[in-house]
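There are 2 protein chains.
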Amino acid sequence: MTPPITHPIPKKTIERLSEYRRSLLSCHEQGITHIFSHILAGMHGITAVQVRRDLMLIGFSSDTKKGYDVKVLIEFINNILDSREVMNLAIIGMGRLGQAITSYFNGKRRKMRIVAAFDVDPTKVGTAIDNIPCYHIDSLAEVVEQMDISIAVISSPTSVAPSLVVPIINAGIKGVINFTSAPLNFPQGIVAENYDITTVLEKVAYFVKEADENGDKS
Amino acid sequence: MTPPITHPIPKKTIERLSEYRRSLLSCHEQGITHIFSHILAGMHGITAVQVRRDLMLIGFSSDTKKGYDVKVLIEFINNILDSREVMNLAIIGMGRLGQAITSYFNGKRRKMRIVAAFDVDPTKVGTAIDNIPCYHIDSLAEVVEQMDISIAVISSPTSVAPSLVVPIINAGIKGVINFTSAPLNFPQGIVAENYDITTVLEKVAYFVKEADENGDKS
Numbered sequence: 613m614t615p616p617i618t619h620p621i622p623k624k625t626i627e628r629l630s631e632y633r634r635s636l637l638s639c640h641e642q643g644i645t646h647i648f649s650h651i652l653a654g655m656h657g658i659t660a661v662q663v664r665r666d667l668m669l670i671g672f673s674s675d676t677k678k679g680y681d682v683k684v685l686i687e688f689i690n691n692i693l694d695s696r697e698v699m700n701l702a703i704i705g706m707g708r709l710g711q712a713i714t715s716y717f718n719g720k721r722r723k724m725r726i727v728a729a730f731d732v733d734p735t736k737v738g739t740a741i742d743n744i745p746c747y748h749i750d751s752l753a754e755v756v757e758q759m760d761i762s763i764a765v766i767s768s769p770t771s772v773a774p775s776l777v778v779p780i781i782n783a784g785i786k787g788v789i790n791f792t793s794a795p796l797n798f799p800q801g802i803v804a805e806n807y808d809i810t811t812v813l814e815k816v817a818y819f820v821k822e823a824d825e826n827g828d829k830s
Numbered sequence: 613m614t615p616p617i618t619h620p621i622p623k624k625t626i627e628r629l630s631e632y633r634r635s636l637l638s639c640h641e642q643g644i645t646h647i648f649s650h651i652l653a654g655m656h657g658i659t660a661v662q663v664r665r666d667l668m669l670i671g672f673s674s675d676t677k678k679g680y681d682v683k684v685l686i687e688f689i690n691n692i693l694d695s696r697e698v699m700n701l702a703i704i705g706m707g708r709l710g711q712a713i714t715s716y717f718n719g720k721r722r723k724m725r726i727v728a729a730f731d732v733d734p735t736k737v738g739t740a741i742d743n744i745p746c747y748h749i750d751s752l753a754e755v756v757e758q759m760d761i762s763i764a765v766i767s768s769p770t771s772v773a774p775s776l777v778v779p780i781i782n783a784g785i786k787g788v789i790n791f792t793s794a795p796l797n798f799p800q801g802i803v804a805e806n807y808d809i810t811t812v813l814e815k816v817a818y819f820v821k822e823a824d825e826n827g828d829k830s
């Protein structure tokens, strides 16, 4: 059993726990039963100290002779990250990105489930895409209540995104992941992450450019 | 003219500069000529102190009476972030996610351009998708050299991703953005970012759950 955690866990640790879990699940599938912190660290390009610190934060310790028990550690992280009940998600904007997220995501996580999609395209509204029913955005509040949806994923065109903020607040959504290029602000009490794909492309391009220019000097 | 920056700029600052630029471009389109640091900060849910610190780091100062000159600041950030020559990108894995990235990205950034896609699907190889020619993954090294591609975006199925590491290294790619759930390690000298969509969904779900549970207690 996981002891109750009384202190708040930092966002970065939560991200890494999610990443550790994916690697551990892959190890488990391959029949690996134990793993040392430095091996787990190497899989994520971080230090063993960081891994041990993260696991200490959630109260997990291990038999250091054999490393961490993979199956036990997965269960331990499940207890931290997963809600007791399944959390329902909606995709707003069922273009290529929305469909990519749906096909990529569904069935992979036991405790999260994409249950509805929203769009304005009349060829999509009223149909099911990848078994996800697609509704008109005007019925957001109604469907969110009926289906007990707590998280919205915004994959609409960027130009549309700002107009979604008020309907999302009114629908009682508790968490938002915004994949568009428009940074959106939600009131406190709604967990929101802006996750723009262009930013990471530009970041990598910048550091490639820097490495090139430093290389040119030598 | 931007003075040469001699100190390294932190990754987080580079990310924020990319985000500021998108907001500034949107302001510019709306005819806004000047913006105060606290307004720009509010658009990104951060403090004005953070904005001023980032801009100080790149050597930008402003007439504080009217705020930052939007057009001048955009040009300033362009000079920091953009390479002098256009940087060529390749998409590896032309499924829904690869196509979403292509349609979302192309034409938006002047200094980065998706010029090739790679897949193994015989219905895709040899065709053009969104005007991007699609090649077989076996010709990666050849096409990367011919087209002077420096950055690879991995949007293949997760199970395939680990097998792409060696071909990408051998092709002379300098930067990698990996959108799959398999964390990949590249040798030093290759800039690599793992950018797994599931991680951000899990993070938001965790903080929604936490808020719910804390709410239940009261």
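Heads up: the protein sequence lines correspond to chains A and Z, in order.
Per our numbering, the first sequence runs over residues 613 to 830.
Per our numbering, the second sequence runs over residues 613 to 830.
We put the CB at the ideal spot given by N, CA and C, even for glycine.
With burial defined as no fewer than 16 other Cβ atoms inside 10 Å of the residue's Cβ, what is the status of residue i: buried or exposed?
{"i": "Ser768 (chain A)", "result": "buried"}
{"i": "Ile766 (chain Z)", "result": "buried"}
{"i": "Phe819 (chain Z)", "result": "buried"}
{"i": "Glu754 (chain Z)", "result": "exposed"}
{"i": "Thr811 (chain A)", "result": "buried"}
{"i": "Asp750 (chain A)", "result": "exposed"}
{"i": "Arg665 (chain Z)", "result": "exposed"}
Three-state secondary structure (DSSP) at residue i?
{"i": "Pro745 (chain A)", "result": "strand"}
{"i": "Asn797 (chain A)", "result": "coil"}
{"i": "Ser767 (chain Z)", "result": "coil"}
{"i": "Phe819 (chain A)", "result": "helix"}
{"i": "Met724 (chain A)", "result": "strand"}
{"i": "Val803 (chain A)", "result": "strand"}
{"i": "His656 (chain Z)", "result": "coil"}
{"i": "Val772 (chain Z)", "result": "coil"}
{"i": "Ser695 (chain Z)", "result": "coil"}
{"i": "His650 (chain A)", "result": "helix"}
{"i": "Phe672 (chain A)", "result": "coil"}
{"i": "Gly787 (chain Z)", "result": "strand"}
{"i": "Asp666 (chain A)", "result": "helix"}
{"i": "Asp733 (chain Z)", "result": "coil"}
Quick one: does residue i have its CB under 8 Å from some CB of chain A?
{"i": "Lys623 (chain Z)", "result": "yes"}
{"i": "Ala823 (chain Z)", "result": "yes"}
{"i": "Met724 (chain Z)", "result": "yes"}
{"i": "Tyr818 (chain Z)", "result": "yes"}
{"i": "Arg708 (chain Z)", "result": "yes"}
{"i": "Gly657 (chain Z)", "result": "yes"}
{"i": "Lys736 (chain Z)", "result": "no"}
{"i": "Glu858 (chain Z)", "result": "With chain Z covering only 613 through 830, there is no way to say anything about residue 858 (chain Z)."}
{"i": "Gln642 (chain Z)", "result": "no"}
What is the C-beta distance between residue i and residue j, in whole angstroms, given that I count them as a contact (C-beta under 8 Å)?
{"i": "Pro745 (chain Z)", "j": "Ala764 (chain Z)", "result": "Actually they do not touch by this definition, with Cβ atoms about 15 Å apart."}
{"i": "Leu776 (chain A)", "j": "Ile704 (chain A)", "result": "6 Å"}
{"i": "Gly679 (chain A)", "j": "Phe648 (chain A)", "result": "4 Å"}
{"i": "Lys723 (chain A)", "j": "Met759 (chain A)", "result": "That belief does not hold up - the Cβ atoms of Lys723 (chain A) and Met759 (chain A) are roughly 16 Å apart, past 8 Å."}
{"i": "Ser635 (chain A)", "j": "Ala817 (chain Z)", "result": "Actually they are not in contact, since the Cβ atoms of Ser635 (chain A) and Ala817 (chain Z) sit about 19 Å apart, beyond 8 Å."}
{"i": "Ile747 (chain A)", "j": "Val732 (chain A)", "result": "Residue identity check: residue 747 (chain A) is Tyr in the sequence provided, not Ile. Tyr747 (chain A) to Val732 (chain A), Cβ: 10 Å. No contact."}
{"i": "Lys821 (chain A)", "j": "Lys623 (chain Z)", "result": "Not quite, the Cβ-Cβ distance comes to about 14 Å (not below 8 Å), so this is no contact."}
{"i": "Leu813 (chain Z)", "j": "Asn806 (chain Z)", "result": "That belief does not hold up - the Cβ atoms of Leu813 (chain Z) and Asn806 (chain Z) are roughly 15 Å apart, past 8 Å."}
{"i": "Asp681 (chain A)", "j": "His646 (chain A)", "result": "6 Å"}
{"i": "Phe798 (chain A)", "j": "Ile781 (chain A)", "result": "7 Å"}
For chain Z, check one thing: does any of its Cβ atoms lie closer than 8 Å to the Cβ of residue i?
{"i": "Tyr680 (chain A)", "result": "no"}
{"i": "Ser830 (chain A)", "result": "Because the pLDDT of Ser830 (chain A) is 41, which lies under 50, any placement of that residue in the model is unreliable, and the number read from its coordinates should be weighed accordingly. It does not: the Cβ of Ser830 (chain A) has no partner Cβ on chain Z nearer than 8 Å."}
{"i": "Pro779 (chain A)", "result": "no"}
{"i": "Met613 (chain A)", "result": "Per-residue confidence for Met613 (chain A) stands at a pLDDT of 49, beneath the threshold of 50, marking its modelled position as unreliable; no derived number is given."}
{"i": "Gly787 (chain A)", "result": "yes"}
{"i": "Arg664 (chain A)", "result": "no"}
{"i": "Pro799 (chain A)", "result": "no"}
{"i": "Thr811 (chain A)", "result": "yes"}
{"i": "Val732 (chain A)", "result": "no"}
I'd like to know whether the C-beta atoms of residue i and residue j end up nearer to each other than 8 Å.
{"i": "Ala783 (chain Z)", "j": "Leu752 (chain Z)", "result": "yes"}
{"i": "Phe791 (chain Z)", "j": "Leu709 (chain Z)", "result": "yes"}
{"i": "Lys683 (chain A)", "j": "His640 (chain A)", "result": "yes"}
{"i": "Ile689 (chain A)", "j": "Leu629 (chain A)", "result": "yes"}
{"i": "Ala804 (chain Z)", "j": "Ala773 (chain Z)", "result": "no"}
{"i": "Gly801 (chain Z)", "j": "Ser762 (chain Z)", "result": "no"}
{"i": "Thr625 (chain Z)", "j": "Leu685 (chain Z)", "result": "no"}
{"i": "Val756 (chain Z)", "j": "Ile785 (chain Z)", "result": "yes"}
{"i": "Thr739 (chain Z)", "j": "Ile726 (chain Z)", "result": "no"}
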